[in-house]
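Q:
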Amino acid sequence: MATYHLTTPLTSEDTRQLKAGDVVYLSGVLYTARDAAHKRLVELLDKGEELPFDLEGSVIYFVGPTPPKPGDPIGSAGPTTSYRMDSYSPTMLANGSKGMIGKGKRNQAVIDACQEYDGIYFGATGGAGALLGKRIKSAEVIAYPELGPEAVRRIEVEDFPVTVINDTYGNDLYQMGREQYEVK
Amino acid sequence: MREIEFDTVVKTVRDLIIHCSTDLPEDMYNALKTSVEVEKSPVAKAVLEQILDNAHIAKTEERPLCQDTGLAVFFVRVGEEVRIKGGLLRDAINMGTEQGYKDGYLRASTCHPFTRANLKDTIGYNLPAIIHFDLVAGDKIEIEYAAKGGGSENVSRARVFPPAAGKEGIIEYVTEVVSDAGGNPCPPIVVGVGIGGTFEKAVISSKHALFRDIGTENPDEELNEMEQIMLEKINNLGIGAMGMGGTKTAMAVHIESNPCHIASLPVSVNIQCHSSRHAHITL
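Chains A and B supply the protein sequences, listed in that same order.
Counted the way the numbering used here counts, the first sequence spans residues 178 to 361.
Counted the way the numbering used here counts, the second sequence spans residues 12 to 294.
1) So which residues on chain B does A:Arg355 lean against when the C-beta distance must stay under 8 Å?
2) In terms of alpha-carbon separation, which member of A:Lys361, A:Phe337, A:Ala316, A:Val329 lies closest to A:Gly248?
3) Going by DSSP, which residues form a beta bridge with B:Leu82?
4) Could you tell me which uninterrupted beta strand (DSSP E) segments, each at least 3 residues in length, are contained entirely in the segment 288–313 of chain A, listed from first to last along the chain?
5) Does the segment 303–320 of chain A come within contact of the segment 86–94 of chain B, defined as at least 3 CB pairs closer than 8 Å?
6) Would you mind stating whether B:Val280 and B:Ser190 have Cβ atoms separated by less than 8 Å?
7) For B:Pro2, return the contacting residues in chain A, with the cut-off set at a CB-CB distance below 7 Å.
8) Could you list the residues in the segment 248–263 of chain A with a C-beta less than 8 Å from some C-beta on chain B, going in chain order?
9) From this set, B:Leu59, B:Asn65, B:Glu236, which residue's C-alpha is nearest B:Ile380's C-alpha?
10) If you count every other CB in all the chains shown that lies within 10 Å of the CB of A:Arg193, and 16 or more means buried, which is it?
11) Under the DSSP definition of a beta bridge, which residues are partnered with A:Tyr208?
12) For A:Ala290, would you say it is in contact with chain B, using Cβ-to-Cβ distances shorter than 8 Å as the test?
13) Is any heavy atom in the ligand SAH found nearer than 7 Å to the beta carbon of B:Asp26?
14) Given B:Arg288, which residues of its chain have a CB within under 6 Å of its CB, disregarding the five upstream and five downstream residues?
15) Hey, is B:Ala263's beta-carbon within less than 8 Å of any beta-carbon in chain A?
16) Helix, strand or coil for A:Tyr181? Go by DSSP, reduced to three states.
17) Can you pull the chain B neighbours of A:Pro326, defined as C-beta to C-beta under 9 Å?
18) DSSP state of B:Cys31, grouped into three classes?
19) Between the alpha carbons of A:Thr340 and B:Ile152, how many angstroms are there, rounded?
20) Among B:Ile68, B:Leu59, B:Ala103, B:Glu50, which one has its Cα closest to the Cα of B:His26?
21) State yes or no: is the beta carbon of A:Ala213 nearer than 8 Å to at least one beta carbon in chain B?
22) With a cut-off of 8 Å on the beta carbons, I'd call A:Thr185 and A:Val236 a contact; round off their distance for me.
23) Just grab the DSSP bridge partners of A:Tyr202 for me.
24) Give me the Cα-Cα distance between A:Asn272 and A:Leu232, rounded to the nearest whole angstrom.
25) Can you confirm whether B:Glu72, when its beta carbon is compared against all beta carbons of chain A, has any partner nearer than 8 Å?
26) On the DSSP bridge assignment, give the partners of B:Val280 in chain order.
27) Give a yes or no on whether 8 Å exceeds the smallest Cβ distance from B:Val201 to chain A.
28) Hey, does A:Ala305 have any beta-carbon neighbour from chain B nearer than 8 Å?
29) Looking only at DSSP bridge pairs, what is A:Lys280 linked to?
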């Protein structure tokens, strides 16, 4: 269990050093998207059209924040459950994205895609929305404002705490952790 | 007959919602504190510490504990000797819900089931609230409120067993539901179990069981024992905080049981995440 400080966009060199269970403090730009936005982004990719942001090295945060209080860039902003993005994530990774932040287990296709395209699935602490929202320094809706909390936002983060769940070697922290502490 | 002003109910509900969104109840806070001390996994321990830090930030800076500020769920016990002056009780609760979610900068999370269109500009901001009414003796209105997030609802389940399944069948089923859920419902969780009644009675009982404070004993000795057996089995699963592996998967199992049909044994399991935002107030 090592600790890293990384800045986005991520490279294969960044992601290949990480192992399931490592703690990473991310800084730089993240893009937010949930299922409704993923559906639209993947449709654009399938049609060969341009996305509202550069996917290369990008990290996508699965989040639907609360509205900001006056003077704040964003409200509370913890991760949402990731399996709803399972059918879209392999396409995102195949097109250059290098990371995802969410919570909860992914399917085998996503785990395989992480291995094939040097992607990482990071877990953030669900229900720590106040703490995580404070690590977001700016936020701007860049696509699909009509989706409300589900719009695509460009956010800048500082030392955003995440844990590596699925690394580039096919490991899965959820499975490893559970096997270690299961009492039969 | 006693009268309560419509606006009093609206304001009470509004304030309850705003308070609950930022202030983790003491029962869950204390349970988390104890868990940090006993958790064997360093990864899970770090997660639990983050959850406690989050509770401090939320309370002192009045920020929502979680971005999923839930659907507003109410159990309301209305005394038969009290009436609302100036409107309907249901309308007052809905109006208080809308005001609380808007004024507290909470998320509007209700949508149409098929189009998924958000209902904030049509039906109302985070409306409708989910309200379960009951009539009781007296001239008071007791309101229990919880902000119920989607992640833990998504892994909840119900099933009607043949009577032969018995206590063993129920214990096995509850453990299986939690096992399948893994880290998705944001453990450490509270497990609400509704047994007996009809199908819907079991489901509503499992929801209501979540309102009981962690650390309180079930007054029924047999159910109390079942709760302890289930809790041990669940914590032996190794799921841990946020599913990252650990010894604390659940804080408590709470059972509510009802008489049922001679042919059936309904069982419902409703899961509550660690951000257990609930409160009650009597008017």
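Glycine included, C-beta positions come from ideal geometry on N, C-alpha and C.
A: This is what the structure holds:
1) Reading the first sequence from its first residue, position 178 is the one you call residue 355 of chain A. Here the neighbours are Gly193, Leu248, Gly249, Ile250, Gly251, Gly254, Gly256.
2) Within the first sequence, numbered from 1, the residue matching residue 248 of chain A stands at position 71. Considering only alpha carbons, the answer is A:Ala316.
3) For the purposes of this step, residue 82 of chain B is taken as the residue at position 71 of the second sequence. According to DSSP, which records beta bridges pairwise, B:Leu82 is partnered with B:Lys159.
4) 297–300
5) At 8 Å Cβ cutoff, the stretches do not touch.
6) Taking the first residue of the second sequence as 1, we reach residue 280 of chain B at position 269. Taking the first residue of the second sequence as 1, we reach residue 190 of chain B at position 179. In this structure, B:Ser190 does not lie closer than 8 Å to B:Val280 by Cβ.
7) Chain B is shown only over 12 to 294; residue 2 of chain B falls outside these bounds and no answer can be derived.
8) Residues of the segment 248–263 of chain A that bring their beta carbon within less than 8 Å of a beta carbon in chain B comprise Gly252, Ser253, Ala254, Gly255, Thr257, Thr258, Tyr260, in sequence order.
9) Residue 380 of chain B lies beyond the residue range present for chain B, which begins at 12 and ends at 294; the question has no answer from this structure.
10) Counted from its first residue, the first sequence places residue 193 of chain A at position 16. Exposed, because fewer than 16 other Cβ atoms sit within 10 Å of the Cβ of A:Arg193.
11) Position 31 of the first sequence, counted from the first residue, corresponds to residue 208 of chain A. A:Ile237, A:Arg331.
12) Along the first sequence, read from residue 1 onward, the residue named residue 290 of chain A stands at position 113. With 8 Å as the cut-off, A:Ala290 does not count as an interface residue toward chain B.
13) Absence of the ligand SAH from the depicted structure is noted, as is the absence of any ligand whatsoever, leaving it without description.
14) The count along the second sequence starts at 1 and reaches residue 288 of chain B at position 277. So the list reads Cys31, Ala158, once near-sequence residues are dropped.
15) Position 252 of the second sequence holds residue 263 of chain B. Chain A contact via Cβ: absent.
16) The residue labelled residue 181 of chain A in the question sits at position 4 within the first sequence. It is a strand residue.
17) Counting from 1 along the first sequence, the entry for residue 326 of chain A is found at position 149. By Cβ distance, chain B contributes Gln78, Arg118, Ala119, Ser120, Asn129.
18) As a position in the second sequence, residue 31 of chain B is number 20, starting the count at 1. DSSP places B:Cys31 in helix when its eight states are reduced to three.
19) Here the question's residue 340 of chain A lines up with position 163 in the first sequence. Here the question's residue 152 of chain B lines up with position 141 in the second sequence. Going by C-alpha positions, A:Thr340 is about 46 Å away from B:Ile152.
20) The residue labelled residue 26 of chain B in the question sits at position 15 within the second sequence. The question names His, but residue 26 of chain B in the sequence shown is Asp. Of B:Ile68, B:Leu59, B:Ala103, B:Glu50, the residue nearest in Cα terms is B:Ala103.
21) For the purposes of this step, residue 213 of chain A is taken as residue 36 along the first sequence, with counting starting at 1. Cβ-Cβ to chain B under 8 Å: yes for A:Ala213.
22) As a working note, residue 185 of chain A is residue 8 in the first sequence. As a working note, residue 236 of chain A is residue 59 in the first sequence. Taking a contact as a CB-CB distance under 8 Å, the pair A:Thr185 and A:Val236 counts as one, their CB atoms being some 5 Å apart.
23) Within the first sequence, numbered from 1, the residue matching residue 202 of chain A stands at position 25. According to DSSP, which records beta bridges pairwise, A:Tyr202 is partnered with A:His182, A:Pro338.
24) Stepping through the first sequence from its first residue, residue 272 of chain A is reached at position 95. Stepping through the first sequence from its first residue, residue 232 of chain A is reached at position 55. Answer to the nearest angstrom: the Cα atoms are 7 Å apart.
25) Taking the second sequence and counting its residues from 1, the one referred to as residue 72 of chain B is at position 61. Yes, because at least one Cβ of chain A sits closer than 8 Å to the Cβ of B:Glu72.
26) For the purposes of this step, residue 280 of chain B is taken as the residue at position 269 of the second sequence. Beta-bridge pairing links B:Val280 to B:Arg168, B:Val204.
27) Position 190 of the second sequence, counting from 1, holds the residue named residue 201 of chain B. So no, B:Val201 is outside the interface.
28) Taking the first sequence and counting its residues from 1, the one referred to as residue 305 of chain A is at position 128. A:Ala305 counts as touching chain B.
29) Numbered from 1 along the first sequence, position 103 holds the residue referred to as residue 280 of chain A. Answer is A:Thr258.
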